[in-house]
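Residue numbers (UniProt numbering): 1 to 206. Positions of the beta carbon are idealized from the N, C-alpha and C atoms, including for glycine. Okay, so here's the structure we're looking at.
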């Protein structure tokens, strides 16, 4: 058995979930600028996540769910995952974003699991608070070791792919390390670099 772990925002999905959620509040640009700095490694991931989610306070939860149902998947996502499955890969998504985004994508793409964060809501309204599996810069590295241990998969049989600073922590645990349309901070740690928005390009290296 082999393991493939993909970041969600700007890797499996074409964009950043939190930017889509900020749009109806008129805060898309403000949130996007914080996201950009966080992904470049210029801000602490945890602090930037808490700050960005706080700006979503007051958004109707049902509206957030609706937005997340139809997030645009990255070109080549279906083809790549279908091919990996044929090659005996378990395919998992790790996201510093939110389960309301990763779970619909998991169903559409046929992923084996998704690990992400939960937007806290009360009385049908987002409170501006967040919690979950992927809150910190080190979370993905922490989780990949747990998944490898549970499945009995070695580093040699592991592929990871991401685009930003919070993906760096999982790179030491995979022999195939893909920087996909990525920030420089991640490219430095990668041994496979894909600069075109087409996930099927990863298949050239497998």
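Could you tell me the distance, in whole angstroms, from the CA atom of residue i to the CA atom of residue j?
{"i": "residue 87", "j": "residue 198", "result": "19 Å"}
{"i": "residue 177", "j": "residue 123", "result": "42 Å"}
{"i": "residue 134", "j": "residue 173", "result": "17 Å"}
{"i": "residue 27", "j": "residue 154", "result": "43 Å"}
{"i": "residue 89", "j": "residue 1", "result": "6 Å"}
{"i": "residue 120", "j": "residue 105", "result": "20 Å"}
{"i": "residue 84", "j": "residue 184", "result": "26 Å"}
{"i": "residue 200", "j": "residue 12", "result": "11 Å"}
{"i": "residue 171", "j": "residue 158", "result": "10 Å"}
{"i": "residue 54", "j": "residue 129", "result": "6 Å"}
{"i": "residue 78", "j": "residue 3", "result": "17 Å"}
{"i": "residue 42", "j": "residue 165", "result": "9 Å"}
{"i": "residue 151", "j": "residue 50", "result": "32 Å"}
{"i": "residue 149", "j": "residue 110", "result": "22 Å"}
{"i": "residue 6", "j": "residue 167", "result": "9 Å"}
{"i": "residue 144", "j": "residue 118", "result": "19 Å"}
{"i": "residue 180", "j": "residue 206", "result": "15 Å"}
{"i": "residue 107", "j": "residue 114", "result": "10 Å"}
{"i": "residue 93", "j": "residue 141", "result": "13 Å"}
Who are the Cβ neighbours of residue i in its own chain at under 8 Å, not counting the five residues just before and after it?
{"i": "residue 15", "result": "9, 71 and 72"}
{"i": "residue 127", "result": "57, 120 and 121"}
Once you ignore the five residues that flank residue i on each side, which residues in its own chain have a CB closer than 7 Å to its CB?
{"i": "residue 138", "result": "169"}
{"i": "residue 52", "result": "18, 31, 34 and 35"}
{"i": "residue 136", "result": "45 and 46"}
{"i": "residue 61", "result": "121, 124, 125 and 126"}
What residue does the alpha helix (DSSP H) around residue i start on, and which one ends it?
{"i": "residue 68", "result": "61-69"}
{"i": "residue 149", "result": "139-151"}
{"i": "residue 158", "result": "Not the alpha helix (DSSP H): residue 158 falls in the beta strand (DSSP E), residues 158-162."}
{"i": "residue 48", "result": "45-54"}
{"i": "residue 205", "result": "From DSSP, residue 205 is part of no alpha helix (DSSP H); its letter is neither H nor E."}
Go to residue i, then tell me how far its beta strand (DSSP E) extends in each direction, as first and last residue.
{"i": "residue 129", "result": "125-132"}
{"i": "residue 113", "result": "113-122"}
{"i": "residue 2", "result": "2-7"}
{"i": "residue 180", "result": "176-180"}
{"i": "residue 92", "result": "89-98"}
{"i": "residue 194", "result": "192-194"}
In terms of alpha-carbon separation, which member of the options lies closest to residue i?
{"i": "residue 131", "options": "108, 96, 140 and 145", "result": "96"}
{"i": "residue 69", "options": "82, 93, 92 and 100", "result": "100"}
{"i": "residue 63", "options": "187, 24, 76 and 115", "result": "24"}
Cβ-heavy atom distance between residue i and the ligand GTP below 7 Å?
{"i": "residue 160", "result": "Among the ligands in the structure shown, none appear at all, so the ligand GTP cannot be discussed."}
Under 6 Å Cβ to Cβ from residue i, same chain only, skipping five residues before and after it: list those, please.
{"i": "residue 22", "result": "28 and 31"}
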